[in-house]
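According to the working numbering, the sequence shown holds residues 193 to 824 in order.
As structure tokens, the structure follows; a few thoughts come after it.
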Amino acid sequence: MKDNFLKSLGLCLLSALLLGVSEPLLMPALFGSHPAPEFFGLLALVGYVPLFSVLLKSNIKQVFFSTFFTLTAQYTIVLFWIYIALHVYGHIAPLPASAITLLLPMILALMGAVFFSLARFLSLHYKKSFLLYAPLALCAAEYFRNYYLFGGFPWGHAGYSIARVPEFLQLASLVGIYGLVFFVGLVNALVLAIFRATQRKRQKFALALLLLLCSVYIFGALQLRINHFAPSVRVALLQGNIEQEIKSNARLYVHEILKIYDDLHKEALAKEAQIIVWPESGYPLLVDQKRPDLELKLSGAASIVGATTYRFNDENKFSYYQNSAFLLNYQSEVVARYDKSHLVPFGEYVPWPMANIVDKVVPGMGAFRPGKDFIPVNLALNHSKSIDVGTTICYEGIFPEISRAYANNGAKLLVNITNDAWYGESSAPLQHLLMYQLRAVESGRPYVRATNSGISAFIDDHGRIQKSLGLFERGLIVADIPLNTRTTIYMIIGDIVPILCALLLTIIFLWAVIPLRSMLKKRQWKSLALVIFFLSVGVAAYIYFSRDIFLIDESARTKKLFIIILSFVMMFGSIAKSARSRAILLSVATLVIFLSVLLAVFESLYFLLGLIVGVLIYLMAFRMSLDEKTLQ
């Protein structure tokens with residue numbers, strides 16, 4: 193037994209290592225100051241094989257802990273730079289900084305562990321191979337990470353690893369980043385199936401694997417050969433390389449910072465740039481939203497300038513901040529202000545439903561407010577030429593739905609401004625840049641990215657980096673950007689692949705645990721009605737909170753998840769066969785509802801009324817379940 197444990201442990205560690213190093217990493221001992229080669233991304237195609245081989249022979253409990261351990265190790269390798277941000281620049285002591293650095297990978301790993309446990313449950317229940325459900329679970333889990341918890345953090349998964357190979361990257365134009373995740377899961381499952389199958393089936397699996405890899409690679413190679421003539425715009429990206437300690441105290445270094453960017457701006461004008469992009473918070477002064485003047489003379493070219501804005505309420509008291517980008521036309525007139533919509537949880541805002549509660553304990557914490565939409569701005573370059581620009585700030589570009597919304601709304605050029613100085617000389621800027629290569633392919637739009645300390649870059653619509661400025665270099669880069677725009681399949685269908693994966697898993701799971709046939713045969717109409725009712729509540733919550741008006745409402749995602757889970761718990765509680773199961777589910781639902789009522793008192797009277805109605809319906813359903821003699 194000890195030998196089996198050590199073997200499983202070794203295989204889990206091997207998976208974590210393969211998946212971890214498949215991401216863009218700085219490995220000074222091997223490659224000096226250069227990142228690991230792009231072909232390392234191919235390791236993701238076999239990275240899950242050792243883990244899957246362990247999970248194939250494990251029970252559900254073992255699957256959960258094996259997956260949790262593996263993914264925690266993988267994400268720790270990928271996200272070690274969090275320690276740099278916390279300790280070096282956040283001045284948090286080494287021990288708590290290390291604990292927080294480990295906590296985030298554990299939270300992310302928890303989601304994957306739940307989905308793989310579900311896949312194992314289904315494989316045992318239906319007596320099918322775990323490999324049949326593994327790609328679905330992997331895709332659904334990573335998609336889940338895009339939105340939960342607290343607004344989501346879809347960083348460092350295997351879809352980005354394989355995207356490092358340009359030919360495989362092009363698949364994102366069809367199915368998006370989570371389609372790449374499904375592709376990786378499917379390839380890993382086929383590889384393991386080849387080793388475990390009989391001779392006859394092995395040939396079939398090998399042929400399927402070969403056809404899958406060749407078709408995706410050939411599609412990508414053909415896409416990379418397509419070059420359409422398109423009008424271009426001359427763009428300059430400014431990289432001031434202001435140290436983070438100085439940026440954190442920008443009010444003390446206003447003149448020095450402005451002098452750096454003023455010189456770079458003039459140099460960009462001398463190189464005939466039509467659009468000049470400053471990085472996030474490049475303008476060092478706070479800007480009053482009621483008087484949005486930057487006090488800069490930037491005529492001669494259109495400009496996009498990052499700045500922090502603030503607002504006073506009607507009583508002339510401070511109200512909130514916004515992380516903003518000012519868009520100025522060639523006459524130096526501010527034509528629009530974009531406010532960052534996807535804020536950093538517990539840094540720029542406090543997630544629902546804790547906002548009001550935290551504000552009572554720590555007033556002013558998370559004092560930033562999100563923007564309202566993702567509508568491109570028509571930016572005049574001269575008296576006869578303009579361009580529709582979509583702007584993202586900081587890590588907004590890692591969320592595919594944002595860039596897709598800009599593209600569908602008519603943006604011809606996507607712009608990102610950010611500051612990665614927090615992470616020092618680490619893998620974070622490399623990983624961050626890779627995500628914008630995905631966004632360019634998904635949206636069929638060129639992406640330009642201006643950062644404070646690197647890596648600033650021009651990315652074409654096929655995700656290729658045309659020109660870049662390295663880490664901790666001060667300067668600018670100028671390039672003529674062809675405005676190749678195309679309507680990709682992903683722009684039309686969105687994230688249908690992961691949604692179908694999650695939906696299919698849910699339907700298969702419900703079919704396994706809800707005795708519909710028995711209810712119909714025994715005419716248990718009350719129980720059947722309760723099942724339909726609670727399922728309808730979950731579906732209605734999903735549809736309602738998935739509407740476009742909630743695209744930037746991060747609290748809506750939490751509410752959606754909460755209602756769906758609660759409706760499922762109520763449903764299972766109302767139809768459970770044993771008194772023990774009913775008691776457990778009732779206790780869980782009661783506890784959740786009680787805590788929710790407390791939160792609702794702070795947040796919303798309407799939400800409180802909704803919970804009261806839900807409690808009454810659930811109690812009625814529970815009472816009915818006790819009366820069902822057939823379930824005793």
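Just so you know, even glycine gets a beta-carbon here, dropped at the ideal spot from N, CA and C.
Need the endpoints of the alpha helix (DSSP H) that residue 670 sits in, please.
Run containing residue 670: none in the alpha helix (DSSP H); it sits in the beta strand (DSSP E), 667-674.
Just reading off the alpha helix (DSSP H) that residue 706 is part of, what are its end residues?
Unbroken run through residue 706: none, as it is neither H nor E.
May I have a chain-ordered list of the alpha helix (DSSP H) segments no shorter than 4 residues that lie completely inside the segment 242-272?
Entirely contained in the segment 242-272, the alpha helix (DSSP H) runs reaching 4 residues are, in chain order, 252-270.
Count the other CB atoms within 10 Å of the CB of residue 439; is the residue buried (16 or more) or exposed (fewer)?
Counting Cβ neighbours within 10 Å, residue 439 comes out buried, since at least 16 surround it.
So what's residue 658 in DSSP terms, helix, strand or just coil?
Strand.
What residue range is occupied by the uninterrupted alpha helix (DSSP H) comprising residue 338?
Segment 322-339, the alpha helix (DSSP H) holding residue 338.
What are the partner residues of residue 651, as DSSP defines its beta bridges?
Per DSSP, 639 and 657.
Quick one: which unbroken beta strand (DSSP E) runs of 3-plus residues sit fully inside the segment 378-446? Chain order, please.
Runs of the beta strand (DSSP E) inside the segment 378-446: 424-431.
For the alpha helix (DSSP H) holding residue 582, just list the boundary residues, first then last.
That residue, residue 582, is in no alpha helix (DSSP H); its beta strand (DSSP E) goes 578-585.
Specify, as a first and last residue, the run of the alpha helix (DSSP H) that residue 495 falls within.
Careful: residue 495 lies outside any alpha helix (DSSP H), inside the beta strand (DSSP E) at 494-504.
Check residue 356 in the structure and name its three-state DSSP category.
Coil at residue 356, not helix or strand.
Please state the DSSP three-state secondary structure of residue 194.
The answer is helix: DSSP assigns residue 194 an H, G or I state.
DSSP beta-bridge partners for residue 350?
Note: residue 350 sits in no beta bridge, so no partner.
Let me check you understand the geometry: is the CB of residue 424 closer than 7 Å to at least one non-hydrogen atom of the ligand ADP?
As presented, the structure is devoid of all ligands, the ligand ADP included, so that no description of it is given.
Per DSSP, what are the beta-bridge partners of residue 280 in this structure?
Note: residue 280 sits in no beta bridge, so no partner.
Could you give the distance in angstroms between the alpha-carbon of residue 279 and the alpha-carbon of residue 289?
Going by the C-alpha atoms only, they are around 6 Å apart.
Taking its Cβ as the centre, do 16 or more other Cβ atoms sit within 10 Å of residue 406, making it buried, or is it exposed?
Burial call: exposed.
Confirm, please, whether the CB-CB distance from residue 638 to residue 675 is below 8 Å.
Their beta carbons are under 8 Å apart, which means residue 675 touches residue 638 by this criterion.
For residue 512, does the three-state DSSP call read helix, strand or coil?
Correct three-state label for residue 512: strand.
Is it right to say residue 210 is buried, meaning 16 or more other beta carbons lie within 10 angstroms of its own, or is it exposed?
Buried, since its Cβ has 16 or more Cβ neighbours within 10 Å.
For residue 266, count neighbouring Cβ atoms within 10 angstroms of its own Cβ and tell me buried if that reaches 16, exposed if not.
Per the 10 Å Cβ criterion, buried.
Counting along the chain, where does the beta strand (DSSP E) carrying residue 720 start and finish?
Unbroken run through residue 720 is the alpha helix (DSSP H), 717-737; no beta strand (DSSP E).
Exposed or buried, residue 835, counting other C-beta atoms within 10 Å across all chains shown (16 or more means buried)?
Since the first residue shown for the chain is 193 and the last is 824, residue 835 is missing from the structure and cannot be characterised.
May I ask you to list the residues that DSSP assigns as paired with residue 518?
Answer is 497 and 529.
I'd like the list of long-range same chain contacts for residue 373, defined as Cβ closer than 7 Å, with 5 residues on each side in sequence excluded.
Contacts found: 330, 331, 334, 349, 350 and 351.
If we count Cβ pairs, one from each stretch, closer than 8 Å, do we get three or more for the segment 308-326 versus the segment 240-260?
Counting Cβ pairs under 8 Å, three or more are found: they touch.
To the nearest whole angstrom, what separates the beta carbons of residue 276 and residue 208, a pair I think is in contact under 8 Å?
Not a contact, Cβ separation roughly 21 Å.
Inspect the beta-carbon positions of residue 730 and residue 756 and report whether they are closer than 8 Å.
Against a cut-off of 8 Å, the Cβ pair of residue 756 and residue 730 comes out as a contact.
Within 8 Å, do at least three Cβ pairs link the segment 573-589 to the segment 510-529?
Counting Cβ pairs under 8 Å, three or more are found: they touch.
Along the alpha helix (DSSP H) that carries residue 608, what are the first and last residues, could you check?
From DSSP, residue 608 is part of no alpha helix (DSSP H) but of the beta strand (DSSP E) over 605-610.
In chain order, what residues of the same chain lie with their CB nearer than 7 Å to the CB of residue 400, ignoring the 5 residues before and after it?
So the qualifying residues of the chain are 382.
Under a Cβ-count criterion, where at least 16 other Cβ atoms within 10 Å of its own Cβ denotes burial, should residue 466 be classed as buried or exposed?
The residue in question, residue 466, is buried, as its Cβ has 16 or more Cβ neighbours within 10 Å.
Between residue 260 and residue 305, how many whole angstroms is the CB-CB distance? I'm expecting something under 8 Å.
Indeed, because the Cβ distance is near 4 Å, the residues count as touching under 8 Å.
Taking the alpha carbon of residue 355 as the reference point, which residue from 344, 725, 633 and 699 has its own alpha carbon closest?
Among 344, 725, 633 and 699, the Cα nearest to that of residue 355 is on 633.
With a threshold of 16 other CB atoms inside 10 Å of the CB of residue 283, please say whether the residue is buried or exposed.
That one is exposed.
Please state whether the Cβ-Cβ distance between residue 644 and residue 432 is less than 8 Å.
Yes.
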